[in-house]
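Numbering follows UniProt numbering, in which position 450 of the sequence shown is assigned residue number 450; successive positions increment by one, without gaps.
Down below is the structure, laid out as structure tokens.
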Amino acid sequence: MAERRQTRNQIRGPHSALTDFLASNNISAAQIHQNHQRRLRESELQSSVERQGNSPDDGGEYEPVGESAEDRKKRKRKEAVALAKIKQSKEFARRKSRRTGGPSDSDDEIAREMMHERSQPLPGQLENCETCGKRFTVTPYSKAGPQGGLLCAKCSKALTDDEKKPKANRRGARSGRRQNQSNLLDGLTQQGALSLAEMCTKKVADNINDIEEFGDLPSQLLHRLSQILCKRRVLTPKTLNLFLRPDFDSIDIYDAARLETHDFEKIFALMPNLSNVNIRFAGQLKNKVIEYMLGRDLKVKRLQLDAANLVSDSYWQQLFQKLGPQLEVLKLSNLDFSLDDETIEVMCRYCTTLQRLKLRQCWKAGNRSLQAISDLTSLEHLSLNYVQEVETEILLGTISKTSPRLRTLSLEGFFNADDRLLEIIHDNCRALTKLRFSDNAVCTDRGFVNLFTGWANPPLEILDLSSTRDVDNTNPDGPKDATGLASQGLLALMNHSGSKLQKLNIASCRHVSHLAFEEIFSAGTTYPNLKELDVSFHTVVDDYVVGRIFQCCPKLQKLVAFACFNLRDAQVPAGVALIGGLNAQDPIVLQGDY
């Protein structure tokens, strides 16, 4: 009991965990206070030493008021020790090596400068802000200013905000990967800087919403601006007003999807001298607009409308009756609601001076309309892409009547056309510069050989025979007698037109052999004018064939090679856009200089 009472008598009150921890480690609060006071005295002593070194009137000696001789010796001894430590540091050596070595660059001055920079008031002391001069209490979070002093809370926050601001890009403008890939798909390979006109045009397009008018900008630059804005899908009723110039006779809008009906009326109201109208994706072009056109007595000679599905057949017929005698060019595409056989017959009856006709993806057109086209006696350019399946005999009759006068012929999607069509082209065409015959699985390789062998037509400049092949998935190598353009047909083609060809598309003509490519692009053979070539889905095309293509085509600018799985490490000449290939996303190895 006595021991228990003695233990109870030793209890002085509750103990916290911190108190127990300090006691177990022999840490005394009184000792902490004494150490803090000592550091404050040392800081004041160091500050007095710095003031002594910076005073211009005391000759380098500073005597604090009331300082005894013994205190002065202690102060100088501590200062000497501090300076000696600084002189032994790496920072002192770096600073000394950067100095010019002048008479004012002594070791003591460098050391004193570093000691001054290191002397900062301790937390709890008062100090003047380096920036604003305001008196404030120093805390552990006080920031140092540009000159080595301390900053108050307000100036510290301002300095932190300035440091968070993004730094200016000093590397200049760079074209991103996405833009490079977009240019590549367009067949553009940048060689040096853009022209001044192109740079200014793109800058205008970037700030199109801040522009009030274009002034006297020439028509070719307006056309280029229209292309850029339509590609970016930013042509709106507001920006449309910039292109409406009463003195111009041409309007080209490649994406009118964001225009309303009254915007189309505004075009014909503000541009009375229009002779060339090219409006695509015209979804809101309605009967009301056609009626307004007919009341304006326009002199339109070239008309191209795309996706104008809200115009009925009756208004199309009125348009042809009113403007037909003066139309020279007519291009209509992507019409699934109107433009039936009867309407096209009315067109052929009234548009007697048509020189160029293009009907693409017009869903209601069929055999009657195809037969009516054969009555157009002034046609020089014909482009047809029907959705409905038409009779082969009617197609042969139409091409037989129109082909002797044609300079360009484009036939897409006529799947049932046979070798007789190629024979008619061979026998009747004498002035073609462009031929497109694609998406066919009936014509044979022998038919293409006969077309190009002994053909009296001059060499073609543009040729598209894509997707003319056998489509039997159970027999990927094709029948014994090749269907579509194959090796012999391609050889005959290049022998006839290779010297003048500028664009050639043989994509998906999958029955051309590797040996045929080697023979066509053999050493010593040159195709001096070929600029664009599409060999997509030719699995036999490899690095060797592509290398031979580059050697034989000195003016080649664009080579399309999608799904050519043997094309891996092609050495692409500078200035050539290689699109596709197995490693299309990897950096392309270039050879030669720009």
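Built from N, CA and C at the ideal position, the CB exists for glycine as well.
Give the secondary structure of Gly-524 by DSSP, where H, G and I count as helix, E and B as strand, and everything else as coil.
-> Reduced to three states, the DSSP call for Gly-524 is coil.
Same chain only: Cβ atoms within 6 Å of Gln-551, ignoring 5 sequence neighbours per side | none
Continuous beta strand (DSSP E) stretch holding Asn-440: start and end | Careful: Asn-440 lies outside any beta strand (DSSP E) and carries neither H nor E.
Quick one, are the C-beta atoms of Pro-246 and Met-271 less than 8 Å apart?
-> Taking a C-beta distance under 8 Å as the contact criterion, Pro-246 and Met-271 qualify as a contact pair.
Do the CB positions of Phe-264 and Leu-285 come within less than 8 Å of each other?
-> yes
Burial state of Gly-484 (16 or more Cβ within 10 Å) = buried
Would the beta-carbon of Ser-226 fall within 8 Å of that of Ser-250?
-> no
Output the distance between the C-alpha atoms of Val-329 and Val-300, rounded to the nearest integer angstrom.
-> In a straight line, the C-alpha of Val-329 is about 10 Å away from that of Val-300.
Pick from Asp-439, Val-442, Ile-399 that is closest to His-426, judged by C-alpha positions | Relative to His-426, the option among Asp-439, Val-442, Ile-399 whose CA is nearest is Ile-399.
Distance, Leu-422 Cα to Phe-562 Cα | Between the alpha carbons of Phe-562 and Leu-422 lies a gap of roughly 28 Å.
Could you pull out every residue in the same chain whose Cβ sits closer than 8 Å to the Cβ of Leu-194, ignoring the five residues on either side in sequence?
-> Lys-202
Mind checking who Val-277 pairs with in its DSSP beta bridge?
-> Ile-251, Leu-303
Since Gln-361 is in the beta strand (DSSP E), which residue starts that stretch and which ends it?
-> That run of the beta strand (DSSP E) goes 356 to 362.
Rounded straight-line distance, which links the Cα of Leu-294 to that of Lys-322 = Inter-residue distance for Lys-322 and Leu-294 is about 7 Å (C-alpha atoms, whole angstroms).
Just reading off the alpha helix (DSSP H) that Asp-427 is part of, what are its end residues?
-> Start and end: 419 to 428.
Roughly how many angstroms lie between the CA atoms of Leu-240 and Val-277, to the nearest whole one?
-> 14 Å
Who are the near neighbours of Ala-256 in its chain, counting only those whose CB is closer than 6 Å to its CB and skipping five residues on each side?
-> Ile-279, Phe-281, Ala-282
By a C-beta neighbour count over all protein chains shown, 10 Å radius and 16 as the cutoff for buried, is Met-199 buried or exposed?
-> exposed
Would you mind listing the alpha helix (DSSP H) stretches within the segment 468 to 517 that are 4+ residues and don't spill past its ends, in chain order?
-> If only complete runs of 4 or more residues are kept, the segment 468 to 517 shows the alpha helix (DSSP H) at 487 to 497, in order along the chain.
What distance in whole Å lies between the Cβ atoms of Asp-534 and Ala-570, which are believed to be in contact at a cut-off of 8 Å?
-> Their Cβ separation, rounded to whole angstroms, is 15 Å, which puts Ala-570 and Asp-534 out of contact at 8 Å.
Give the secondary structure of Lys-78 by DSSP, where H, G and I count as helix, E and B as strand, and everything else as coil.
-> In the structure shown, Lys-78 sits in a helix (DSSP, three-state: H, G or I).
Please look up how many angstroms separate the CB atoms of Ile-506 and Leu-491, rounded, as I've assumed it's under 8 Å.
-> Actually they do not touch by this definition, with Cβ atoms about 12 Å apart.
Excluding sequence positions up to five away, which residues of its chain have a Cβ less than 6 Å from the Cβ of residue 595?
-> With the chain covering 1 to 594 only, the question about residue 595 has no answer from this structure.
Any idea which residues DSSP pairs Lys-331 with across the strands?
-> Gln-304, Lys-358
Where the beta strand (DSSP E) through Arg-135 begins and ends | Bounds of the beta strand (DSSP E) holding Arg-135 are 135 to 137.
May I have the straight-line CA-CA distance separating Gln-388 from Asp-336, to the nearest angstrom?
-> 11 Å
Hey, out of Phe-437, Thr-131, Leu-332, whose CA is closest to residue 623's CA?
-> Because the chain in this structure spans residues 1 to 594, residue 623 falls outside the shown range and cannot be described.
Below 8 Å on the Cβ atoms is my guess for Thr-408 versus Thr-433; work out the distance and round it to an integer in Å.
-> 6 Å
Excluding sequence positions up to five away, which residues of its chain have a Cβ less than 7 Å from the Cβ of Thr-131?
-> Contacts found: Gly-145, Leu-151, Cys-155.
Ser-410, enclosing beta strand (DSSP E) - first and last residue = Start and end: 408 to 412.
Return no unless some Cβ of chain B is closer than 8 Å to the Cβ of Phe-136.
-> Structure shown: chain B not included; a single protein chain is present.
Taking just the CA atoms, how far does Cys-351 sit from Cys-509?
-> 38 Å
Where does the unbroken beta strand (DSSP E) through Lys-531 begin, and where does it stop?
-> Segment: none, Lys-531 is in no beta strand (DSSP E) and carries neither H nor E.
Per DSSP, what kind of secondary structure is Ser-312 in: helix, strand or coil?
-> coil
Who are the Cβ neighbours of Ser-438 in its own chain at under 6 Å, not counting the five residues just before and after it?
-> These residues qualify, in order along the chain: Glu-412, Asp-464, Ser-466, Ser-467.
What residues in its chain sit with their C-beta under 6 Å from that of Ala-482, if we drop five residues either side in the sequence?
-> Asp-445, His-511
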